[in-house]
Every structure is written in structure tokens, then in C-alpha cells.
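Undergrad:
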Amino acid sequence: MSTFFGDNRGHMQLFDKIKTEIVNVTHRSYGTSIDPGLLTVSPTRKDFEGDMTVVIFPLVKLLRKKPQDIGAIIGDHLVSKMPEIDHFNVVQGFVNLSLTSDYWLSFLEKSLAHDEYGKLARNGEKVMIEYSSPNTNKPLHLGHIRNILLGSSCANIMHAAGFEVVKVQVINDRGIAICKSMLAWLKYGGGETPASTGEKGDHLVGKYYVRFEKEFRDEYQEWQQSPKAQEVFESRKKEDQSRDQFFAAYKNEYFNRYSELGNEAREMLQKWEDGDADTIELWSQMNGWVYAGFDQTYERLGVDFDHLYYESETWKLGKSEVLQGLDKNLFFQKDDGSVWVDLSHEDKDEKILLRSDGTSVYITQDIGTAMQRYRDYGIDRMVYVVADEQNYHFQVLFEILNMLDEPYAEGLFHLSYGMVDLPSGKMKSREGTVVDADDLIDDVISEARQVAMEKGDLEDLDESARDEVFFRIGMGALKFFILKVNPGKRMTFDPEASVDMQGQTGPYVQNAYVRIQSVLRKAGSISADFRSCQSFGDTEKHLLTQIFMYPEIVKRSANEYDPSVIANFCYDLAKSYHRFYHDVPILTAESDAARNFRLSLSSMVGTVLENGMNLLGIEMPQRM
RNA sequence: GGCUUCGUAGCUUAACUGGAUAGAGCACCUGACUACGAAUCAGGAGGUUGCAGGUUCGAAUCCUGCCGAGGUCACCA
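Be aware that the first sequence starts at 1, since it is given in this note's numbering, and climbs by one per residue.
(1) Exposed or buried, what is Y508 when buried is set at 16 or more other beta-carbons lying within 10 Å of its beta-carbon?
(2) Would you list, in sequence order, the uninterrupted beta strand (DSSP E) runs of no fewer than 3 residues that lie entirely inside the segment 73 to 143?
(3) With H, G and I counted as helix, E and B as strand and the rest as coil, what does DSSP make of N172?
(4) Comparing C-alpha positions only, which one of D436, D462 and V469 sits nearest to R449?
(5) Taking the alpha helix (DSSP H) that S557 belongs to, which residues open and close that run?
(6) Got a sec? Which residues, its chain only, sit under 8 Å from N391 by beta carbon, not counting five neighbours each side?
(7) In chain order, what are the residue ranges of uninterrupted alpha helix (DSSP H) at least 4 long that sit wholly in the segment 334 to 384?
(8) So the candidates are I445, N559, F569 and K334; which of them puts its Cα closest to the Cα of V485?
(9) From this set, S29, I178, Q622 and T545, which residue's C-alpha is nearest K65's C-alpha?
(10) Which residue from Y561, Q622, C179 and A594 puts its Cα closest to that of N156?
(11) By Cβ distance, which residues of its chain are closer than 7 Å to T32, with the 5 residues on each side in sequence left out?
(12) Are three or more beta carbon pairs between the segment 319 to 336 and the segment 282 to 301 nearer than 8 Å?
(13) Where does the unbroken alpha helix (DSSP H) through S416 begin, and where does it stop?
(14) Taking the alpha-carbon positions, what's the E260 to A248 distance?
(15) Can you tell me the Cα-Cα spacing of D244 and R236, whole angstroms?
(16) Taking C-beta to C-beta, are V290 and G617 nearer than 8 Å?
(17) Out of R430, S196 and V608, which has the shortest C-alpha to C-alpha gap to V210?
(18) By the three-class DSSP mapping on this structure, what secondary structure does Y571 have?
(19) Measuring only the C-alpha atoms, how far is L204 from L282?
(20) State buried or exposed for M613, treating a residue as buried only when at least 16 other CB atoms are found within 10 Å of its CB.
(21) Below 8 Å, how does it come out for the segment 170 to 183 and the segment 310 to 328: are there three or more Cβ pairs, yes or no?
(22) Quick one: grab the DSSP three-state call for D278.
(23) Checking 8 Å against the spacing of the C-beta atoms, do Y384 and F394 come in under that value?
(24) Can you name the residues that DSSP bridges to G425?
(25) Under 8 Å: do the segment 123 to 139 and the segment 367 to 386 share three or more Cβ pairs, one atom per stretch?
(26) Rank G325, I70 and T100 by C-alpha distance to the C-alpha of F94 and give the top, closest one.
(27) Return the first residue and the last residue of the alpha helix (DSSP H) that Y209 is part of.
(28) Tell me the rounded alpha-carbon separation between S98 and R146.
(29) Would you mind reading off the limits of the alpha helix (DSSP H) that contains M613?
(30) Between the alpha carbons of L422 and L301, how many angstroms are there, rounded?
(31) Going by the beta-carbon positions, is the gap between S603 and I526 smaller than 8 Å?
(32) DSSP has V386 in a bridge; who is on the other side?
(33) With 16 other CB atoms within 10 Å as the buried threshold, where does E321 fall?
(34) Assign M1 to buried or exposed, taking buried as 16 or more other Cβ atoms, counted over all protein chains shown, within 10 Å of its Cβ.
(35) Using DSSP with H/G/I as helix, E/B as strand and the rest coil, what is D35?
(36) Using the Cα positions of P134 and V434, report the straight-line distance between them to the nearest angstrom.
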């Protein structure tokens with residue numbers, strides 16, 4: 001017998017076989033060669049009899065026969081050619097195939113024997129995933145959490161789908177923003193450090209960034225009363241623009257032209273760029289505080305990186321590549337010396353690549369970094385996890401790398417995700433509505449603790465074991481809440497709902513797993529001797545079908561760079577199991593074979609739930 | 001304004017990429033713990049998939065036009 005499950009993709013082999021046989025039979029019966037791509041095979045919808053369904057509508061037009069007739073011929077052929085298929089029925093253009101009990105039982109047997117069910121064969125491709133990419137002037141917030149969870153779970157999923165994965169982050173450790181924090185710390189800090197205050201380093205530095213912004217705002221307010229401000233307003237205002245509107249829009253220019261604090265910050269940046277020793281030392285000291293803080297947060301989130309790219313080291317990259325492109329006439333130069341790319345053939349504008357003074361801009365750096373990464377790792381694909389406000393930027397970047405004929409250009413992907421809103425609207429740092437990452441993590445864990453303590457099922461565990469359970473439940477709730485939403489969609493984050501532990505949540509899935517562990521513990525050892533269990537009900541069949549589809553789900557999730565596919569699958573599987581658990585006796589089954597079958601099935605569901613949730617970065621508790 | 005993404009129950013969302021009667025959860029109402037864990041299960045109510053056309057065996061999904069919401073159009077990153 002063939003090892004239908006040998007490559008861990010039993011479903012695909014079955015589906016491919018069905019498609020091939022359909023191609024054969026339509027050729028033989030109608031003399032028409034059809035493209036197997038026209039056929040779709042999927043699990044049968046409940047409310048219809050059968051396990052797998054083939055949609056044959058596309059053939060109806062091609063063959064000019066009635067769906068009923070085509071369906072009957074296909075069904076008869078499949079039943080006679082494929083021992084796995086027991087019988088079939090045709091409804092409209094759908095052929096519903098019922099697989100034999102034997103097929104299902106042997107499927108379960110083989111799945112159980114598999115160590116890493118759902119991990120697909122290595123495909124020899126290497127993918128790099130960039131995520132998190134924080135600025136070092138303030139702590140991580142809810143938006144970063146979505147980014148980090150998407151990136152790290154995507155890495156897990158692509159690894160499971162057969163890729164070799166390299167996880168990286170770009171650290172934006174230079175620029176005017178960090179200089180603002182440094183300046184404020186020098187002016188108002190009184191020498192305080194994370195050690196002296198006990199404050200987490202990233203929060204301490206963030207505090208001074210906020211302080212700078214406040215001082216700057218005050219300075220700006222005061223300046224607006226000056227004659228100079230009045231003069232600027234009179235000469236520069238657009239018609240029907242109020243004073244407030246004007247000065248709100250003018251803020252940036254004020255910072256660059258008149259502001260004392262702005263001037264000091266720019267001077268500091270200049271000194272940094274000139275390599276001034278004191279400035280560099282302060283810079284690396286404060287960045288060090290921030291990294292220590294970030295590391296704590298990353299550890300709690302359970303994420304890590306294989307390599308860090310510091311912007312302070314990469315910000316000058318790209319210039320020589322742009323100049324080479326200029327030589328090849330891919331780019332052009334304007335009279336003032338600045339270098340541009342013309343993307344009008346792609347329905348885009350011209351875009352600047354080098355300033356008139358010859359220095360790099362943001363996109364120049366990204367071009368250089370991409371090439372650097374290819375030299376470092378020889379990657380086939382590159383995934384950037386970056387919010388959707390940068391969609392245009394990445395379209396341009398990819399187009400340029402394409403023009404430069406980079407070998408990985410086909411494999412570039414921008415995993416663009418929507419911003420996270422609060423029920424009250426957008427997060428705004430100015431209004432203090434930003435949800436801090438560390439606070440959020442604390443909140444979900446303490447909520448988990450509270451719910452668990454009320455239930456009181458963990459009283460026999462010692463404190464550290466209990467804390468571990470609370471941690472897993474709290475983080476499970478948070479991660480699931482964020483990852484179950486399709487990345488492309490803007491999401492509303494309701495802090496109340498995020499700590500919910502009922503319904504479509506992480507703890508709901510964890511609870512199914514915990515129930516399974518509890519039954520397995522009570523059962524003692526499990527025997528895989530269930531081949532004589534020849535009939536099983538719809539609930540069991542439903543679970544088997546879902547387990548059967550799991551590798552396909554992993555593949556789809558990886559193809560679409562979308563963890564929500566896994567999250568929704570895990571929820572559906574947990575839901576089916578809860579129902580099964582409620583409706584069907586396991587330990588007190590009517591026969592040994594039935595008991596063995598149900599225990600084995602439970603065990604397999606537990607394995608798949610754990611594997612799936614692990615791909616989301618969620619750990620399963622043994623008890624809760 | 002140009003380009004772009006999106007609009008599904010009161011709220012948060014799903015729909016195997018064009019397939020069967022649009023699925024769930026929250027909130028609301030009803031029922032089930034002396035059976036393997038009630039963070040559970042069963043049931044009820046809640047939908048003209050923003051609106052109007054079009055394409056075809058078949059549309060939440062594709063096309064066109066409106067309406068509404070975001071994003072983006074820097075020699076910032």
C-alpha cells in the first residue's frame with residue numbers, strides 16, 4: 001500500500017489523485033482534455049452527506065453535458081478506481097465523495113505515529129523576515145505588538161511550511177528623535193539612570209523624549225506671541241487659514257528654522273554624524289538602556305531574532321548602487337545634482353534617491369540594506385512586516401530592486417498590516433492614549449490570574465507553577481486576540497475584550513487542550529488498537545477531517561503570510577472537540593475499540609491544537 | 001484633487017480566493033453540572049454583505065458609477 005501520508009501531505013496526495021482520475025475519465029468518456037486546475041476539492045460542507053466535495057460546474061460548460069450526468073460518470077469512475085472512496089452522491093454541480101471508514105482509521109493511525117504532524121517537507125528556500133523595527137527613543141506600544149506577533153508567527157509558520165527562516169529587525173538607533181531624548185536627559189535628567197530609579201530603560205528614555213516634546217511645545221507657544229511669529233503668519237498664511245491652523249501646520253518648519261531646542265537637537269545630530277566622542281558615548285549609553293528594556297519585553301512576548309541590523313551602521317548604504325544604476329541610465333540626474341528614478345511607466349511618480357548634496361534618503365538605505373542582506377544570507381525571499389501606511393514606499397522599493405535586476409526581486413513581499421485603533425479612536429501619543437506594551441502584558445496576565453483564582457482549580461500547584469499557567473493563559477488571550485484578525489484589516493483593539501477568556505479566544509482553545517490532557521491522564525496508557533471500530537459518528541468524522549486538512553492550512557497560511565488562518569483553524573478544531581467531548585463518552589465508551597479510538601482521536605486533536613497554537617507563539621498549559 | 005486600501009448582525013469578525021441555505025464570538029433571552037474539567041454545551045432572536053447597475057450556471061468576492069471611512073502623495077524616517 002502506498003504511503004499516502006509519507007510526506008505529511010496526505011490530503012494533497014488524495015486530492016491530486018482525485019483530480020488526475022477526473023482528468024482521465026473525462027478524456028475517456030468525452031474525448032476532452034481538461035486542465036486539473038479547473039477542479040477544486042474541499043471538505044464537504046456540513047448538511048450534505050460526504051467527506052470531500054468536487055465542484056464540477058466548470059466542466060459543464062466545457063463538455064456541454066448536464067451536471068448530473070457528468071457527476072455520475074465521475075463518481076462511478078472514482079469509486080471503481082480509488083479504494084479509499086466508498087460511495088458518492090451528486091447535488092447540482094457538486095460531487096460529494098464518502099471515504100471508507102478504513103481510510104479514516106488508517107489515517108488516524110499514521111498521524112499518531114508522526115512526530116511533527118503539520119510540519120511540511122523542506123523546500124530548500126530561504127526567507128528572511130523583518131519585523132518589530134522600533135525606534136530607540138520610546139518604549140514599545142500596541143502597534144509594535146501587532147507587528148511583532150505577526151512577524152514572529154509568520155516566521156514559525158513559514159518554517160513549518162518548509163522554509164529556512166532568518167528573523168531580523170532593523171533598529172532605528174539614529175536620527176533626530178533619539179537626539180531629542182538625549183538632549184532632554186542632559187538638560188533635565190539630573191544624571192538619573194535605570195539603575196538609580198529602578199525604571200525600565202526604554203521607559204526612562206521615552207520619558208525624556210516626552211519631556212523634550214513638552215518643552216518644545218511650550219517654547220513654540222511662547223514664540224507664537226512674538227512679532228517675528230506675527231510677521232511669518234502674515235506673509236505665509238494661506239487664505240481662510242486661521243492662526244491656530246497655520247501654526248499647527250508650521251510646527252515642523254519652526255523646529256528647523258527658529259527653535260532654540262530644535263537647533264540644539266540638530267547640533268547634537270551633527271556632532272553624532274561627525275563622530276564626536278562625548279555624543280557617541282551618551283548615545284550608546286542611552287541606547288543600551290533601551291535595548292535592555294526591549295529585551296525584557298521581547299522575552300515576555302517569546303520572540304527573538306537571528307540578526308540585528310542597526311540603522312547607525314546601514315544608513316549610508318545604497319549610494320554606490322544608486323550611482324551604478326545612474327551609470328546604466330536606470331536613474332537620472334537633475335541640474336542640482338540630485339538623483340531620481342522615474343516610475344511613471346508604473347503609474348507612479350518620480351522619486352528621489354540621492355539628495356543634491358549627494359547624501360542618502362530613506363529609500364536609498366533600504367536599497368542598500370536589501371543588497372547587504374542578500375550578501376549576508378543569500379535569501380530567496382524577503383518579507384517586510386511594516387504597517388500599511390508605508391504601502392507606497394514598498395511598492396517603489398520593490399520596483400527599484402526589480403529594475404536593478406536583483407536575484408531575490410520576485411520574492412519580495414510587504415506584509416502590510418492595518419493600524420490598531422482603540423474603541424475611542426486612533427492611538428495618539430499627544431493625547432496619551434497610546435497603549436504601552438508592558439502595561440498591556442501585565443494587564444492580561446493579572447486578568448488571567450484573577451479568573452483562575454476565582455475558579456480555584458490550581459490550588460494544589462506551587463506558586464511558580466501557577467504563575468506559569470497564568471502567564472500562558474494571559475499571553476494566549478492577548479496573542480490570539482490580535483492574530484485572529486486578518487493582517488490587512490485595520491483592527492479595533494478593545495482592552496476589555498482582549499482579556500476575555502470566553503468564546504472565540506486563546507483560553508477557549510487552551511481549555512480544549514487541557515480537557516484532553518485531563519482525559520488522557522485519567523485513561524492511563526492509550527492503545528492504538530482501534531481498527532475494529534468500524535463506525536463512528538459525525539462529530540468524530542468532523543474532527544478527523546479537520547486534522548486531515550491541517551497541513552493544507554499550514555501551507556495556505558504560509559502562502560498568504562497570514563497567521564489568522566491558523567488561529568481560526570485552531571478555534572474551529574477546539575470548538576468541534578468541545579462538542580465531541582460533551583456529546584460522546586470517551587472513558588466509558590461502549591467497547592474497547594471505541595474507547596481506544598476516541599482516546600487516540602483526542603490525543604491527536606491535542607497534538608494538532610498544540611502545534612497550531614505554537615505557530616502563533618502561544619504555549620499550552622497542562623492545567624488551567 | 002491623483003493613487004490606494006477598506007465598508008458583512010448593535011459590537012468584534014469568518015467565508016477554503018467565483019461555489020451549496022453568508023459562518024462564529026461578545027452582548028441579550030432560554031435550557032444543561034450526583035457522567036471523562038461549566039474558561040463548556042444546546043437552543044432563540046439578530047443580515048437586502050454601504051447604494052445602484054453589469055458580467056454568468058452561480059457574486060460578499062470580478063467590472064463600472066456613486067456614498068462613506070482610512071492611508072499616501074517631503075532633498076523626514
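We treat Cβ as the ideally placed atom computed from N, Cα and C, and that holds for glycine.
TA: From the atom records:
(1) buried
(2) 85 to 91, 94 to 99 and 126 to 130
(3) strand
(4) V469
(5) D538 to N559
(6) H414 and S416
(7) 362 to 377
(8) F569
(9) S29
(10) Y561
(11) T26, L62 and L63
(12) no
(13) Taken as a continuous stretch (DSSP letters only), S416 belongs to no alpha helix (DSSP H), being part of the beta strand (DSSP E) at L412 to Y417.
(14) 18 Å
(15) 13 Å
(16) no
(17) R430
(18) helix
(19) 14 Å
(20) buried
(21) yes
(22) helix
(23) yes
(24) L422
(25) yes
(26) I70
(27) G201 to W223
(28) 42 Å
(29) D592 to L615
(30) 21 Å
(31) yes
(32) S416
(33) buried
(34) Residue placement at M1 is flagged as unreliable, the pLDDT there being 33, under the threshold of 50; the coordinate-derived value follows with that caveat. Per the 10 Å Cβ criterion, exposed.
(35) coil
(36) 15 Å
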